[in-house]
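Undergrad:
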Amino acid sequence: MNFKLRFLLWFVNNIKPIRQVEYKDVPKQRKVNEKVSGLGKILFDKKTDVKETEDTSFHGIPVRIYRYSVSPKQPVIIYFHGGGFVYYSVESHDYVARRHCDMNQCTVISVDYRLAPEHPFPAAHQDAYTVIGYVHEHAAELGIDSSQMIVAGDSAGANIAACACHHFRNYPDINIAAQVLVYPWVDGKMDTPSIEKYQTGYLLTRDALLWFQQAYTPDPADHCNPEVSPIYQKDFGKLPPCFVLTAEYDPLKDEGFSYSQKLKEAGNAVWYKDYKALVHGFMNMPFLSSEAMRAYQDIQAFINLEVKSK
3 MNFKLRFLLW FVNNIKPIRQ VEYKDVPKQR KVNEKVSGLG KILFDKKTDV
53 KETEDTSFHG IPVRIYRYSV SPKQPVIIYF HGGGFVYYSV ESHDYVARRH
103 CDMNQCTVIS VDYRLAPEHP FPAAHQDAYT VIGYVHEHAA ELGIDSSQMI
153 VAGDSAGANI AACACHHFRN YPDINIAAQV LVYPWVDGKM DTPSIEKYQT
203 GYLLTRDALL WFQQAYTPDP ADHCNPEVSP IYQKDFGKLP PCFVLTAEYD
253 PLKDEGFSYS QKLKEAGNAV WYKDYKALVH GFMNMPFLSS EAMRAYQDIQ
303 AFINLEVKSK
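In our numbering, the protein residues as written are 3 to 312.
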């Protein structure tokens with residue numbers, strides 16, 4: 003564990019930016035978290051230039067579009083930010099989207115889906131599916147290639163991306179070419195060994211996960227509903243190629259690995275990598291270590307092989 007990570011863990015263990023608050027205080031805490039994410043950018047990241055950005059909305063759902071160029075028929079990454087379905091936004095993940103846009107020479111559409119507890123399940127997922135449908139339908143005017151549509155996200159956003167792949171398997175006219183799941187939250191049971199081992203002291207805590215779960219799925223019957231807990235889907239066949247990334251010191255590590263195995267056992271193309279000496283949230287801090295930056299390069303390689311070369 004390098005000195006940067008040690009400093010980060012000292013900071014989060016004292017400041018506790020991912021904290022549980024009274025529901026009435028969530029809007030205030032969101033503002034605090036956005037400031038903390040801004041500090042993380044200053045310390046562990048650098049803004050990447052892109053051709054242009056545009057804040058707009060699709061069927062009333064706010065999105066931010068990042069364009070690498072104005073050339074037509076570009077690949078597109080539809081990105082869903084993390085934050086436990088409660089926190090963060092396209093702004094907190096602005097640098098993430100910019101880097102994906104530049105490194106993959108594609109359009110990125112970052113989605114500001116509705117957040118809990120004001121908007122519980124299935125609000126975030128419904129917003130995601132609406133955006134994906136819109137992008138498919140309006141591909142030509144957006145300048146993207148609907149056959150090269152990639153869904154991606156981190157943590158809760160990776161949950162949304164994974165669920166979208168199951169959902170749109172029932173819509174054969176809408177093609178998702180690949181999925182990138184960064185430390186995905188996919189198992190509502192939350193009883194894995196990694197959750198026990200890393201339940202405190204590593205940025206994301208078990209208590210925070212339980213609080214996020216209660217906020218987004220207040221009905222306990224939904225905790226393991228396959229529509230929000232995709233590891234319990236019955237059929238894993240014929241899903242898009244998938245890259246699952248996990249972090250060594252992450253409570254969600256075991257379920258990410260288990261989900262990748264389910265995909266692989268069903269005959270899907272699967273890449274999996276566990277990034278050593280890193281914690282949940284490392285994609286927002288690529289200068290934390292060379293291993294964190296390597297994750298972006300690995301995603302680039304995955305997209306080049308599984309999407310662009312096809």
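Where a beta carbon is used, it is the ideal one built from N, C-alpha and C, also for glycine.
If I measure Cβ to Cβ from G86 and keep anything under 6 Å in the same chain, skipping five residues before and after, which residues do I get?
TA: Here the set comprises A158, F214.
Undergrad: Beta-carbon within less than 6 Å of S311's beta-carbon, same chain only, minus the 5 sequence neighbours each way: which residues are those?
TA: Correct list: empty, nothing qualifies.
Undergrad: Suppose contacts are defined by Cβ-Cβ distances below 9 Å. Is Y200 in contact with P253 by that definition?
TA: Taking 9 Å as the Cβ cut-off, Y200 and P253 qualify as a contacting pair.
Undergrad: Only counting runs of 4 or more residues, tell me where the alpha helix (DSSP H) segments fall wholly within the region 186-251, in order along the chain.
TA: Whole alpha helix (DSSP H) segments, 4+ residues: 195-199, 208-218.
Undergrad: Can you tell me whether P29 is helix, strand or coil according to DSSP?
TA: It is helical.
Undergrad: According to DSSP, L183 sits in a beta bridge with which residue or residues?
TA: DSSP output for L183 lists G155, V246 as bridge partner(s).
Undergrad: Got a sec? Which residues, its chain only, sit under 7 Å from R116 by beta carbon, not counting five neighbours each side?
TA: Taken in chain order, the residues that qualify are A125, A126, D129.
Undergrad: Pop quiz: K53 and Y70 are said to be a contact at Cβ under 8 Å. What is the actual Cβ separation, rounded to whole angstroms?
TA: Yes, they are in contact, since the Cβ atoms of K53 and Y70 sit about 6 Å apart, within 8 Å.
Undergrad: Identify every residue that forms a DSSP beta bridge with R69.
TA: Answer by DSSP bridge pairing, in chain order: E54.
Undergrad: Do M287 and A294 come within 9 Å of each other at the CB atom, strictly closer than that value?
TA: It is a contact, given that the beta carbons lie within the stated cut-off.
Undergrad: Within the region 89-134, note down every full beta strand (DSSP E) run reaching 3 residues or more, in order along the chain.
TA: Runs of the beta strand (DSSP E) inside the region 89-134: 109-113.
Undergrad: For the alpha helix (DSSP H) holding A279, just list the boundary residues, first then last.
TA: Taken as a continuous stretch (DSSP letters only), A279 belongs to no alpha helix (DSSP H), being part of the beta strand (DSSP E) at 272-281.
Undergrad: Checking contacts by CB at 9 Å: is H138 closer than that to chain B?
TA: As a matter of chain content, chain B is missing from the structure shown, which is built from one protein chain.
Undergrad: Do T202 and D209 have their C-beta atoms closer together than 9 Å?
TA: Yes, Cβ-Cβ distance for T202 and D209 is below 9 Å.
Undergrad: At what residues does the beta strand (DSSP E) containing I80 begin and finish?
TA: 76-82 is the span of the beta strand (DSSP E), which, as asked, contains I80.
Undergrad: Could you check the C-alpha separation between I176 and P195 for me, to the nearest Å?
TA: Rounded to the nearest angstrom, the two C-alpha atoms are 37 Å apart.
Undergrad: With distances taken Cα to Cα, identify the nearest neighbour of V92 among G135, Y131, G155.
TA: When each option's Cα is compared against that of V92, the closest is G155.
Undergrad: G190: buried (16+ other C-beta within 10 angstroms of its C-beta) or exposed?
TA: Buried is the call here.
Undergrad: Within a Cβ cutoff of 7 Å, which residues of the same chain sit near V65, ignoring the five residues on either side of it in sequence?
TA: Only T58, S59, I111, S112, V113, D114, V133 meet the Cβ criterion.
Undergrad: Could you tell me the distance, in whole angstroms, from the CA atom of A349 to the CA atom of K48?
TA: Since the first residue shown for the chain is 3 and the last is 312, residue 349 is missing from the structure and cannot be characterised.
Undergrad: What are the partner residues of S59, as DSSP defines its beta bridges?
TA: Per DSSP, P64.
Undergrad: For S260 and K275, what's the separation of their Cα atoms in angstroms?
TA: So the two alpha carbons sit approximately 12 Å from each other.
Undergrad: Grouping DSSP H, G and I as helix and E and B as strand, with all else coil, what is Q150?
TA: In this structure, Q150 counts as strand in the three-state DSSP scheme.
Undergrad: The alpha helix (DSSP H) that contains Q263, what's its start and end?
TA: Taken as a continuous stretch (DSSP letters only), the alpha helix (DSSP H) holding Q263 covers 255-267.
Undergrad: Please report the straight-line C-alpha distance between L11 and G145, rounded to a whole angstrom.
TA: The straight-line gap from Cα to Cα measures roughly 42 Å.
Undergrad: Inspect the beta-carbon positions of F304 and A180 and report whether they are closer than 9 Å.
TA: In this structure, A180 lies closer than 9 Å to F304 by Cβ.
Undergrad: Would A166 pass as a contact of G84 if the rule is Cβ separation under 9 Å?
TA: Taking 9 Å as the Cβ cut-off, A166 and G84 do not qualify as a contacting pair.
Undergrad: Excluding five sequence neighbours on each side, which residues of the same chain lie with their C-beta closer than 6 Å to the C-beta of F245?
TA: Cβ neighbours of F245 beyond the five flanking positions: V182, W273, F304.
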